[in-house]
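*Asks:* Residue numbers (our numbering): 52 to 299.
The C-beta atom is built at its ideal place from N, Cα and C for all residues, glycine as well.
It should be emphasised that the depicted structure is a prediction, and the values quoted were computed from it without experimental measurement.
Mind looking over this structure? Questions follow.
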């Protein structure tokens with residue numbers, strides 16, 4: 052049997068990674084259908100019950116997972132069919148695959164242990180942000196945009212989960228946890244946008260989460276949380292506009 056040249060080996064590896072990412076995206080999207088589902092951590096999952104925690108967005112905000120799943124699948128399938136051995140896609144695939152693989156197993160873990168689920172969602176976030184940092188300038192609607200949209204929501208979701216764990220274990224008061232985690236999400240989001248000003252989709256999903264937090268804290272009014280979230284939206288719009296102006 053003739054030995055494959057290194058370039059052939061590289062192409063085969065790229066095609067395998069493209070296929071794995073597509074499978075990972077499909078498994079991730081199918082996970083709510085193959086498990087009992089997840090409607091948020093329940094108060095009884097914590098030593099200090101978390102009833103209406105101010106860090107958690109209104110329920111409607113979680114509908115964003117539908118567009119995230121569809122966009123990730125579309126991008127992964129495009130990458131498999133049209134860019135399976137394209138070097139421009141190579142660097143982002145391993146961290147994205149890690150994030151998707153962990154995400155496919157996340158719901159069963161979340162139903163059992165908020166602490167482990169929080170640890171895993173931060174792994175998902177790290178993989179998604181690294182994939183975004185490595186995404187090239189080509190094929191924007193299929194490569195950079197879906198990953199940015201996904202990473203932005205994970206930025207908010209990971210901070211929400213951490214805030215609930217901190218308050219649920221009595222480490223922080225619920226109000227302090229909410230303010231601290233909103234500030235942390237904003238710090239991460241602004242840093243990512245500073246590094247990738249060409250990814251306004253990231254800002255859009257973080258803004259969606261902050262709007263959900265405002266809605267959840269509007270009645271009765273939690274002035275501190277609403278003010279911080281609203282200020283965060285203004286900052287993110289400004290940062291995204293600056294990035295878009297440079298990008299175009």
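How about residue 95: is its C-beta nearer than 8 Å to some C-beta of chain C?
*Replies:* Structure shown: chain C not included; a single protein chain is present.
*Asks:* What is the C-beta distance between residue 163 and residue 79, in whole angstroms, given that I count them as a contact (C-beta under 8 Å)?
*Replies:* About 19 Å; that fails the 8 Å criterion.
*Asks:* For residue 43, count neighbouring Cβ atoms within 10 angstroms of its own Cβ and tell me buried if that reaches 16, exposed if not.
*Replies:* Outside the shown range of the chain (52 to 299) lies residue 43, about which nothing can therefore be said.
*Asks:* For residue 259, which residues in the same chain have their Cβ closer than 7 Å to its Cβ, ignoring the five residues on either side in sequence?
*Replies:* 112 and 115
*Asks:* How close, in whole Å, do the beta carbons of residue 83 and residue 158 come, if the pair is a contact with beta carbons under 8 Å?
*Replies:* 6 Å
*Asks:* Give the secondary structure of residue 186 by DSSP, where H, G and I count as helix, E and B as strand, and everything else as coil.
*Replies:* coil
*Asks:* Helix, strand or coil for residue 66, going by three-state DSSP, please let me know.
*Replies:* helix
*Asks:* Quick check: what's the CA-CA separation for residue 165 versus residue 85?
*Replies:* 20 Å
*Asks:* I'd like the list of long-range same chain contacts for residue 174, defined as Cβ closer than 8 Å, with 5 residues on each side in sequence excluded.
*Replies:* Listed in chain order, the non-local C-beta contacts of residue 174 below 8 Å within the same chain comprise 149, 150 and 153, local neighbours out to five positions each way being set aside.
*Asks:* Grab me the residues of residue 130's own chain with a C-beta within less than 6 Å of its C-beta, minus the 5 sequence neighbours each way, in chain order.
*Replies:* 69 and 140
*Asks:* For residue 210 and residue 217, what's the separation of their Cα atoms in angstroms?
*Replies:* Each residue's Cα considered, the two are about 10 Å apart.
*Asks:* For residue 286, which residues of its own chain have a beta-carbon under 7 Å away from its beta-carbon, when the five flanking residues on both sides are left out?
*Replies:* 237 and 241
*Asks:* Identify which residue in 245, 189, 117 and 229 has its Cα closest to the Cα of residue 291.
*Replies:* 245
*Asks:* Tell me which residues share the same chain as residue 55 and place their Cβ nearer than 8 Å to its Cβ, disregarding the 5 neighbours each side in the sequence.
*Replies:* No answer about residue 55 holds up, because its pLDDT of 45 lies below 50 and its placement is not dependable.
*Asks:* Under a Cβ-count criterion, where at least 16 other Cβ atoms within 10 Å of its own Cβ denotes burial, should residue 167 be classed as buried or exposed?
*Replies:* exposed
*Asks:* Looking at the structure shown, is residue 226 part of a helix, part of a strand, or coil, going by DSSP?
*Replies:* helix
*Asks:* Is the segment 178 to 197 touching the segment 122 to 138 in the sense that three or more CB pairs, one from each, lie closer than 8 Å?
*Replies:* yes
*Asks:* Along the alpha helix (DSSP H) that carries residue 92, what are the first and last residues, could you check?
*Replies:* Residue 92 -> no alpha helix (DSSP H), and no H or E assigned at all.
*Asks:* Can you check which of these residues, 221, 251, 249 and 262, is closest to residue 233 by C-alpha distance?
*Replies:* 262
*Asks:* How big is the Cα-Cα spacing for residue 283 and residue 229?
*Replies:* Residue 283 and residue 229: Cα-Cα distance of roughly 13 Å.
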